[in-house]
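Here the protein sequences come in this chain order: H and P. Those letters in the first sequence? Residues 1 to 470, per the numbering used here, in order. Those letters in the second sequence? Residues 1 to 318, per the numbering used here, in order. Single-structure report; data block below.
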Amino acid sequence: MLYQMSRNTFLQRFALLILALGLGMVILACAGQPLAPQAPTAPTAQPPAAQATSAPAATSATSSNQPVKLTIWSGYPEMEPWYKEVTDAYTKEHPNVTFEILTFPLRDYEQKLSATIPSDTAADIIEVSSFVAKFVDAGLIPPAPDKIAEWNNAPGRYDAAIVKDLTYNGKQYAVPLFYGSTALYYNKKDFADAGLTKPPETFDELMDDAQKLTQRDASGNITVAGHGFRLFGAGSGVAEKFLFYLWPAGGDIIVPVGDKWKEGYNNDAGRWALKYYIDALYKYKVDDPKLKRDAEGFELGQSATFFRESWVIGDIKKNAPTLDYSTAPVPKGPKRWGHIIAGEDLFVTRTAKNPDVAWDFILFAVQPQYMQDLLRNVGWLPSRHDVDYGPVLKDNPQFAGFVFSDPNYQAYMTPAIPVFDEVETKMAERLIQLYTDASLLDNPDGIAKAVADMAAETNSILDKAGVLAK
Amino acid sequence: MDVLKPQASIQERWSDALAHRFHINRFQLSKLLFVYLSLLPILALFAFLRLVPITSSFQLSFFQSNLINPANKFIGLDNFQELLQDKLFILAIRNTTLFAIAGVLFSILIALGLAVLLAKRSRLGGLYETIYFLPVITPWVAVSVIWKWIYDPSYGLLNYILSWFGIKPIGWLIDPNIALIAVIILAVWKSIGYNMIILLVGIRDIPEVYYEAAQLDGANGWGLFRYITLPLLRPILLFVAIVSTINAYNVFTPVYIMTTGSQGAQGNAVRTLVFDIYENAFRYFKWGYASAEAVSLFLIVLLLTIIQFRLGRSSESV
């Protein structure tokens with residue numbers, strides 16, 4: 001039975017209810033984050049976030065007692081201890097500056113950046129690769145101050161290609177921190193057991209060695225892959241690893257034509273690279289998709305060789321410290337000899353309330369002792385060349401493949417254009433399906449069609465983005 | 001006429017007019033007003049958090065909109081036309097439909113069986129209901145991570161158990177022909193408890209007198225189920241089917257978790273509609289295109305819901 005009341009009583013009680021709810025919402029709004037992200041400002045002719053490009057304030061927050069809190073984000077969880085070490089050291093020198101460090105798995109990190117950079121809710125300092133190109137293109141990341149460019153351009157300090165990677169329209173946007181470089185990891189015990197005395201020097205030798213290194217159980221199932229390929233997984237990783245075989249064959253995912261681009265693998269190189277995978281899986285059977293992939297597979301002893309970056313060295317120290325292994329340069333391909341490099345740089349976002357402090361911290365973080373610690377404890381290759389890494393390399397001879405130097409051993413990078421991620425991801429999705437297609441074995445026409453279809457999609461993506469060379 | 005009666009205020013005149021309009025008295029009107037006005041704050045919140053984003057999605061679907069470049073260009077139905085030619089979108093529809101059909105069918109059948117078994121109250125009935133409901137309340141992310149390990153071809157629990165029977169390791173997430181089945185198994189396992197509870201309530205709500213009468217007429221177990229339980233359970237079954245279908249078409253978390261990392265499932269083998277929307281929106285920043293996809297998903301689910309309602313009603317009339 002409903003409660004009966006007069007109109008006045010109803011109005012009084014309803015007014016009290018509205019007042020209570022309104023007060024509650026005001027309290028919540030003051031305590032919490034904004035409900036909706038702020039809309040990004042439209043790109044203008046002038047560089048956005050002018051405060052990031054203006055000269056540092058005469059009285060920097062580092063020299064005053066103003067409390068400053070800086071947030072740092074990274075897409076590599078293994079970097080967290082290093083950031084902790086460096087931020088603790090900085091806070092010791094500048095007690096008013098504190099830090100919050102957050103690390104994420106790479107793919108999740110990229111999604112997070114995609115949502116937070118446009119809405120100005122990203123961290124003050126972000127460590128990121130050329131993935132940031134699309135945000136720079138849209139004017140969402142401010143350029144670095146002139147002093148940073150002076151620092152980066154100091155002779156012998158950084159590789160020109162690394163500095164070029166963080167330069168957009170003539171302006172520099174970050175300080176290089178570390179880079180990924182590829183080498184061949186090989187299990188020394190497996191090599192010795194197979195009677196192999198040295199790592200392969202060509203891709204043909206790699207396939208021959210892989211057959212000798214592959215181990216099987218009584219039922220014929222592969223228990224140790226002679227060479228571990230990256231065969232599946234979300235994102236662009238599969239295509240990125242395909243490039244390790246494509247580039248030495250003379251191809252590339254996309255190639256520049258003037259200021260435009262087009263696919264670079266609908267050719268002998270692309271067909272050779274795909275055939276290499278198919279032969280490995282179905283003719284020589286040196287890998288089994290059911291085995292563990294990547295660093296985990298190598299650490300578990302389920303693959304005798306595989307290609308990866310130097311962070312695996314730090315991972316093996318933690319997870320498989322007794323593993324007897326080393327690294328070697330990427331073997332020579334039919335046409336070229338070289339390894340991919342990809343820089344990870346430190347950017348200051350326009351979210352930063354104290355960009356001068358942020359840039360000061362970044363320059364603090366790339367001091368020689370911290371670069372040595374980065375190499376020693378994490379395994380990523382520091383971008384600074386003007387530091388003596390001799391003691392670290394002496395204690396860690398596994399870095400041999402990464403510090404290898406030869407005039408003919410080239411370094412190459414993927415292009416820093418916004419649409420490249422979509423190109424690589426869609427290519428990865430096609431490759432994953434092709435690797436499961438046993439009918440491509442000894443089927444040159446099938447391989448040619450598969451590569452052509454894949455290349456057509458690449459060109460289509462470039463066309464829709466308005467960057468296809470016609 | 002009573003000349004001493006005070007003239008009615010504006011509020012009183014409005015109340016009288018409204019009450020007269022809706023054929024209710026003033027007291028009932030004030031009760032109704034109180035109810036609706038009290039609901040206003042929560043409705044406003046619902047509108048802000050649900051209706052506004054949904055309407056924005058509908059609007060964005062007609063624009064060429066990029067997450068990081070706010071300049072929107074009206075392109076009419078171009079996004080929808082491009083969708084019809086997008087092989088990945090077609091693949092996502094196919095995978096999602098297979099997932100929904102198999103997932104809904106098996107989860108309802110198994111849940112119905114369990115509900116029938118548990119309908120007769122027993123000493124441990126409550127315990128069984130709790131056990132079957134536990135997967136429902138476990139977060140999707142945690143469940144997906146654990147099942148990804150269960151499905152691991154080298155060290156997974158499932159292959160280990162199958163090895164007892166001499167079965168060779170199966171690449172549950174690696175084999176493109178099996179990966180979707182693996183995700184369906186997970187989804188069915190997680191949703192059985194929810195469907196079971198609802199069906200159980202429905203079965204227990206059927207008056208015993210119908211069963212007694214049928215037994216007097218000589219009906220056995222199967223007859224009781226077919227001629228008493230099933231027809232009277234039809235409205236509940238329709239509700240469960242509709243809710244399960246909507247949930248199945250919105251599957252995302254297990255697909256995302258299962259495809260993450262170098263040990264993850266092949267993306268296209270388990271590509272579903274929401275996963276495709278997520279990739280287009282947050283990987284490629286094509287907000288207009290992703291919004292068109294979301295609108296398409298909405299229309300598909302709406303159509304299926306209408307069809308299910310029609311089928312449910314036509315069965316009742318028969």
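Where is the CB? At the ideal position from N, CA and C, for every residue including glycine. This structure is a prediction, so every number in the text was calculated from the model and none was measured.
By the Cβ-count criterion, P:ARG283 is buried, with 16 or more other Cβ atoms from all chains shown falling within 10 Å of its own Cβ. Residues of the region 408 to 427 of chain H with a Cβ closer than 9 Å to any Cβ of chain P, in chain order: PRO418, VAL419, ASP421, GLU422, THR425 and LYS426.
The shortest C-alpha to C-alpha distance from H:LYS212 to any of H:ALA183, H:LYS285, H:PRO391 and H:ASP120 is the one to H:LYS285. Of the candidates P:ASN72, P:VAL116 and P:PHE309, the residue whose Cα lies closest to the Cα of P:PRO235 is P:PHE309. Put simply, the region 165 to 174 of chain H does not touch the region 451 to 463 of chain H. Fewer than three CB pairs are less than 8 Å apart.
Looking at the DSSP output, H:LEU102 shares a beta bridge with H:TRP73. For P:ILE306, the number of other beta carbons within 10 angstroms of its own is below 16, and it is reported as exposed. Distance between P:THR259 and P:ALA265, taken at the CA atoms: about 4 Å. For P:GLU293, not one C-beta of chain H is nearer than 9 Å to its own C-beta. If only uninterrupted alpha helix (DSSP H) runs of at least 4 residues are considered, those enclosed by the region 203 to 253 of chain H are 203 to 213 and 237 to 246. Between H:PHE361 and H:LEU70, the CB-CB gap stays under 9 Å. A straight-line Cα-Cα distance of about 10 Å links H:HIS94 and H:THR87. Contact between the region 104 to 113 of chain P and the region 235 to 248 of chain P is present: three or more C-beta pairs spanning the two stretches fall below 8 Å. For H:GLU127 against H:GLY75, the beta-carbon gap comes to about 7 Å, under 8 Å, which counts as contact. In this chain, the alpha helix (DSSP H) harbouring P:THR130 covers 125 to 137. According to the DSSP assignment, H:LEU184 belongs to the beta strand (DSSP E) that extends over 183 to 187.
Contact between H:VAL175 and H:VAL357 does not hold, since the beta-carbon distance rounds to 14 Å and is not under 8 Å. Under the Cβ criterion of 9 Å, P:PHE285 is counted among the residues facing chain H.
Identification of residues in the region 115 to 132 of chain H having a C-beta nearer than 9 Å to some C-beta of chain P yields ALA115, ILE117 and PRO118, given in sequence order. The C-beta of H:ARG271 comes no closer than 9 Å to any C-beta of chain P. Cβ proximity to chain H below 7 Å picks out PRO153 and SER154 from the region 126 to 157 of chain P. For the region 134 to 189 of chain H, the continuous alpha helix (DSSP H) assignments of 4+ residues that do not extend past its boundaries occur at 146 to 152 and 160 to 165, in sequence order. Going by DSSP, P:THR245 is part of no beta strand (DSSP E) but of the alpha helix (DSSP H) stretching over 230 to 249.
Counting only residues of its own chain and dropping the five nearest sequence neighbours on each side, P:SER57 has a CB closer than 8 Å to the CB of SER291, ALA294 and VAL295.
Nearest to H:ILE341 by alpha-carbon distance, out of H:SER303, H:ALA416 and H:ASP324, is H:ALA416. Under the three-state reduction of DSSP output, H:TRP380 falls in the coil class, being neither helix nor strand. With a 10 Å radius around the Cβ and a threshold of 16 neighbouring Cβ atoms, H:PHE232 comes out buried. Pairing P:ILE108 with H:ASP421, the inter-Cα distance amounts to about 41 Å. Taking a contact to require three or more Cβ pairs closer than 8 Å, the region 152 to 163 of chain H and the region 284 to 299 of chain H do not qualify as touching. By the CB criterion at 9 Å, P:VAL183 and P:ASN250 fall outside the cutoff. Beta-bridge partners of H:PRO256 (DSSP): H:TRP261.
Only residues of its own chain outside the window of five on either side were considered, and among them PRO331 have a CB closer than 7 Å to the CB of H:GLU205, listed in chain order. Residue range 325 to 328 is occupied by the beta strand (DSSP E) that includes H:SER326. Any Cβ of chain P closer than 9 Å to the Cβ of H:LEU300 would place that residue at the interface, and such an atom is present. Chain H has no Cβ within less than 9 Å of the Cβ of P:GLY288.
At a C-beta separation below 7 Å, H:LEU140 has these neighbours in chain P: ILE68.
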